[in-house]
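**Student:** Quick one: the structure is below, questions incoming.
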Amino acid sequence: MQEIFWNSIAEYNAATWYWQIAITAVAAALALVLWFRPSKRAKIAAKVFMVLLSVWTAFVYYLGFCSARDYSSALAIFWCLVAASWVYDLATDFSSFRKSGKYGILGLCMLVLPLFFPVVSIARGLEFPQIATPVLPSAVALYMLGMLMTFNSKINFFAFILILHWAVIAVSKVEIFDIPEDLLLAAACVPAAVIFLTRALKSAGQDTKPKIFRS
Amino acid sequence: MQETKKTQQHISEIADFIARYLSYMLGAGVHTSRVVRNSKRLGTALGVDVSIHTSQKTATLSVSSADTPVHDTRVIDIPPFPISFEWNADLSALSWAALDDNLSLEAVRGKFEELVSKPKMNPFFVLLMASLANASFCRLFGGDIWAMLVTFTATMIGFFTRQHLMRRKVNHYIVFIVSAFVASLCASSALSLGIETAEIALATSVLFLVPGVPLINGIIDITDGHIQIGISRIVNAFMLIISMAIGMSITLILVKDSLL
Chain A
55 MQEIFWNSIA
65 EYNAATWYWQ
75 IAITAVAAAL
85 ALVLWFRPSK
95 RAKIAAKVFM
105 VLLSVWTAFV
115 YYLGFCSARD
125 YSSALAIFWC
135 LVAASWVYDL
145 ATDFSSFRKS
155 GKYGILGLCM
165 LVLPLFFPVV
175 SIARGLEFPQ
185 IATPVLPSAV
195 ALYMLGMLMT
205 FNSKINFFAF
215 ILILHWAVIA
225 VSKVEIFDIP
235 EDLLLAAACV
245 PAAVIFLTRA
255 LKSAGQDTKP
265 KIFRS
Chain B
5 MQETKKTQQH
15 ISEIADFIAR
25 YLSYMLGAGV
35 HTSRVVRNSK
45 RLGTALGVDV
55 SIHTSQKTAT
65 LSVSSADTPV
75 HDTRVIDIPP
85 FPISFEWNAD
95 LSALSWAALD
105 DNLSLEAVRG
115 KFEELVSKPK
125 MNPFFVLLMA
135 SLANASFCRL
145 FGGDIWAMLV
155 TFTATMIGFF
165 TRQHLMRRKV
175 NHYIVFIVSA
185 FVASLCASSA
195 LSLGIETAEI
205 ALATSVLFLV
215 PGVPLINGII
225 DITDGHIQIG
235 ISRIVNAFML
245 IISMAIGMSI
255 TLILVKDSLL
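Top to bottom, those sequences are chains A and B.
Read in order, the letters of the first sequence correspond to residues 55 to 269 in the numbering used here.
Read in order, the letters of the second sequence correspond to residues 5 to 264 in the numbering used here.
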């Protein structure tokens, strides 16, 4: 099972490395544009990119290269759900993708973390193409988490809990498939969960105050 | 003539209040015989006789004065409030307080407003607690730590979907189908990990949707003789269970046919 897992990653990397470089470059460019020159177009572009990234993970990675694994279709459908959450966000213009003045540095650190996936793989003696890259599902989830954390004025909470679910899957993969790189996502999810869940708890609590007591 | 007019107005005010009281109780998921008993007790405290007929969506209330031939009737819609055990307990206690302390209509009405305007439970807190409850069910059914974690987050996603769709006033059968599908789909990701108890995670991820209160109320209503509303409640609960099964079946068809 572990061998099938790493072989599928190797096949994926060998066949799509140039695409992965392009995707990483676009991801970095979008984050920089949103940080330095935020605009409505940049915000829409970022959301469209999130949709495409999720669709890529579902169709190219899981259905294209991981078909030898058991239940890869379940994970492909899960990533379609992540894509749907961004499409819904795009349609309703929900998340603002604006900086709030808080946690920006923490968000930037999370945005950089996907680049450490191949570094960790090489550090533990793996060789290309059998290494973790920034365009594997956990690294993609980490990039999305970084975007949510950096531009956290108003976030897509549905996408966040889907990423949280993926972090749980990632932690179990560390033990089952021997991929410690996924711990980066799990580690990043801890502060994100504390921040976003506490904020959600507080903001949801405001609605519970009865109207007659509101000033 | 003047006296009859005054009595008529007083009976009308009592009828309005008891109609509101019983609609809140029925809407909050209290079983029928308790609602009828409490409303009649409130009527006794305020010096009137109360007769009630209930159905799934409406209730008919007739209030008559014990001393004069004056009476008043109301047909009311039952509002779809979330299930509230707090309202159940508080409003029942109010009917006893009205009787024991001989409270006036104004005093009872004031206390009622105070009770129903109390802060409702934080929906996000409910989301976390429901997720924890489902993870605990997973453990009770033999799930390991990974299955429990997957159940926790899958329930969170399903429950959040349910809350969001209900806020948007989507038909509740559709809400159940979509929520069951989303929760079970997320839980099905445990199958890819090859853990032994993945199927337990899949099965327990939708337990938050089981309509326990309508099922119990339906049985209590039937045994108490309120057969019409009892059957309505049970049919409604079964419809919700069927919706839940449809949502889960979609996941199983997509992911694991052999479990169907």
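Every residue gets a Cβ at the ideal spot worked out from N, C-alpha and C, and that includes glycine.
Measure the alpha-carbon distance for residue 213 of chain B versus residue 180 of chain B and round it to whole angstroms.
**Tutor:** Residue 213 of chain B and residue 180 of chain B: Cα-Cα distance of roughly 7 Å.
**Student:** List the whole-angstrom C-beta distance separating residue 130 of chain A from residue 142 of chain A, where the pair is believed to meet the contact cut-off of C-beta under 8 Å.
**Tutor:** Their Cβ separation, rounded to whole angstroms, is 19 Å, which puts residue 130 of chain A and residue 142 of chain A out of contact at 8 Å.
**Student:** Relative to the C-alpha of residue 148 of chain A, which candidate in A:133, A:164, A:170, A:206 has its C-alpha closest?
**Tutor:** The shortest C-alpha separation from residue 148 of chain A is found at A:206.
**Student:** Please state whether DSSP places residue 66 of chain B in a helix, a strand or coil.
**Tutor:** Reduced to three states, the DSSP call for residue 66 of chain B is strand.
**Student:** Within 10 angstroms of the Cβ of residue 235 of chain A, are there 16 or more other Cβ atoms? Answer buried if so, exposed if not.
**Tutor:** Buried, since its Cβ has 16 or more Cβ neighbours within 10 Å.
**Student:** Examine chain B for any beta-carbon lying closer than 9 Å to the beta-carbon of residue 152 of chain A, and answer yes or no.
**Tutor:** By this cut-off, residue 152 of chain A is not an interface position.
**Student:** Compute the Euclidean distance between the alpha carbons of residue 66 of chain A and residue 60 of chain B, then round it to the nearest angstrom.
**Tutor:** Going from the Cα of residue 66 of chain A to the Cα of residue 60 of chain B covers about 57 Å.
**Student:** Any idea what DSSP makes of residue 52 of chain B, helix, strand or coil?
**Tutor:** Note: residue 52 of chain B maps to strand in three-state DSSP.
**Student:** For residue 81 of chain B, which beta-bridge partners are listed by DSSP?
**Tutor:** In DSSP, residue 81 of chain B forms a bridge with B:62.
**Student:** Can you tell me whether residue 255 of chain B is buried or exposed? The criterion is at least 16 other CB atoms within 10 Å of its CB, across all chains shown.
**Tutor:** Flag for residue 255 of chain B reads buried.
**Student:** Please confirm whether residue 143 of chain A has its beta-carbon closer than 9 Å to some beta-carbon of chain B.
**Tutor:** Chain B contact via Cβ: absent.
**Student:** Check whether chain B comes within 9 Å of residue 81 of chain A, counting only Cβ atoms and requiring the distance to be less than that.
**Tutor:** Taking Cβ atoms only, chain B never reaches closer than 9 Å to residue 81 of chain A, which makes this a no.
**Student:** Which first and last residues belong to the alpha helix (DSSP H) in which residue 72 of chain B is found?
**Tutor:** Where residue 72 of chain B is concerned, there is no enclosing alpha helix (DSSP H), given that its DSSP letter is neither H nor E.
**Student:** Look up residue 230 of chain B in the DSSP assignment and give the residues it is bridged to.
**Tutor:** Answer by DSSP bridge pairing: none, since residue 230 of chain B is not bridged.
**Student:** Only counting runs of 4 or more residues, tell me where the alpha helix (DSSP H) segments fall wholly within the region 136 to 200 of chain B, in order along the chain.
**Tutor:** You should have 149 to 171, 176 to 191.
**Student:** Give me the DSSP bridge partner(s) of residue 57 of chain B.
**Tutor:** Residue 57 of chain B pairs with B:64.
**Student:** Please report how far the alpha carbon of residue 226 of chain B lies from the alpha carbon of residue 234 of chain B, in whole angstroms.
**Tutor:** If I take the Cα positions, the gap works out to 5 Å.
**Student:** Taking 6 Å as the limit between beta carbons, can you name the residues of its chain near residue 252 of chain B, skipping five residues before and five after?
**Tutor:** Counting only Cβ-Cβ distances below 6 Å, and skipping sequence neighbours, we find 184, 188, 210.
**Student:** On a Cα-Cα basis, can you pick out the residue from B:172, B:158, B:219, B:166 that is closest to residue 2 of chain B?
**Tutor:** Not covered by the structure: residue 2 of chain B. The range shown for chain B is 5 to 264.
**Student:** Rank B:222, B:219, B:192 by C-alpha distance to the C-alpha of residue 127 of chain A and give the top, closest one.
**Tutor:** Comparing Cα-Cα distances from residue 127 of chain A to each of B:222, B:219, B:192, the minimum goes to B:192.
**Student:** Would you mind working out which of B:204, B:141, B:83, B:99 sits nearest residue 50 of chain B, comparing C-alpha positions?
**Tutor:** Residue 50 of chain B has its Cα closest to that of B:99, out of B:204, B:141, B:83, B:99.
**Student:** Taking Cβ-Cβ distances shorter than 9 Å, what residues in chain A pair up with residue 270 of chain B?
**Tutor:** A query on residue 270 of chain B cannot be resolved here, the shown segment of chain B reaching from 5 to 264 and no further.
**Student:** Within 9 Å (strictly less), CB to CB, does residue 160 of chain B reach chain A?
**Tutor:** With 9 Å as the cut-off, residue 160 of chain B counts as an interface residue toward chain A.
**Student:** What residues in its chain sit with their C-beta under 6 Å from that of residue 36 of chain B, if we drop five residues either side in the sequence?
**Tutor:** Contacts found: 58, 225, 230, 233.
**Student:** Among the residues of its own chain, which have a CB less than 8 Å from the CB of residue 139 of chain A, if the five just before and after it don't count?
**Tutor:** Answer for residue 139 of chain A: 210, 212, 213, 216, listed in chain order.
**Student:** By the criterion of Cβ-Cβ separation under 9 Å, what are the contact partners of residue 88 of chain B in chain A?
**Tutor:** Per Cβ cutoff of 9 Å: no residues; residue 88 of chain B is ~13 Å from chain A at best.
**Student:** Please confirm if residue 215 of chain A has its CB atom under 9 Å from at least one CB of chain B.
**Tutor:** Chain B contact via Cβ: present.
**Student:** Counting only Cβ-Cβ distances shorter than 9 Å, please list the residues of the region 219 to 244 of chain A near chain B, keeping chain order.
**Tutor:** Under the 9 Å Cβ criterion, the region 219 to 244 of chain A contributes 219, 220, 221, 222, 223, 225, 226, 227, 229, 230, 231.
**Student:** Taking only beta carbons into account, state which residues of the region 195 to 209 of chain A come closer than 8 Å to chain B, listed in chain order.
**Tutor:** Listed by position, the residues of the region 195 to 209 of chain A near chain B (Cβ gap below 8 Å) amount to none.
**Student:** For residue 251 of chain A, would you say it is in contact with chain B, using Cβ-to-Cβ distances shorter than 9 Å as the test?
**Tutor:** So yes, residue 251 of chain A belongs to the interface.
**Student:** Output the boundary residues of the alpha helix (DSSP H) element that contains residue 191 of chain A.
**Tutor:** From DSSP, the alpha helix (DSSP H) with residue 191 of chain A extends over 191 to 204.
**Student:** Under 9 Å between C-beta atoms, does residue 150 of chain B make it to chain A?
**Tutor:** With 9 Å as the cut-off, residue 150 of chain B counts as an interface residue toward chain A.
**Student:** Closer than 8 Å by beta-carbon distance: list the chain B residues that pair up with residue 212 of chain A, in chain order.
**Tutor:** Simply 161, 164, 165, 168.
**Student:** For the region 204 to 227 of chain B, which residues have a CB atom closer than 9 Å to at least one CB atom of chain A, in sequence order?
**Tutor:** Listed in sequence order: no entries.
**Student:** Suppose the cutoff is 8 Å on Cβ atoms and the five residues either side in sequence are ignored; what does the same chain contact list for residue 74 of chain B look like?
**Tutor:** Excluding positions up to five away in sequence, the list reads 8, 11, 12, 15, 68.
**Student:** Using a Cβ-Cβ cut-off of less than 7 Å, list which residues of the region 19 to 31 of chain B approach chain A; keep chain order.
**Tutor:** Hits within the stretch: zero.
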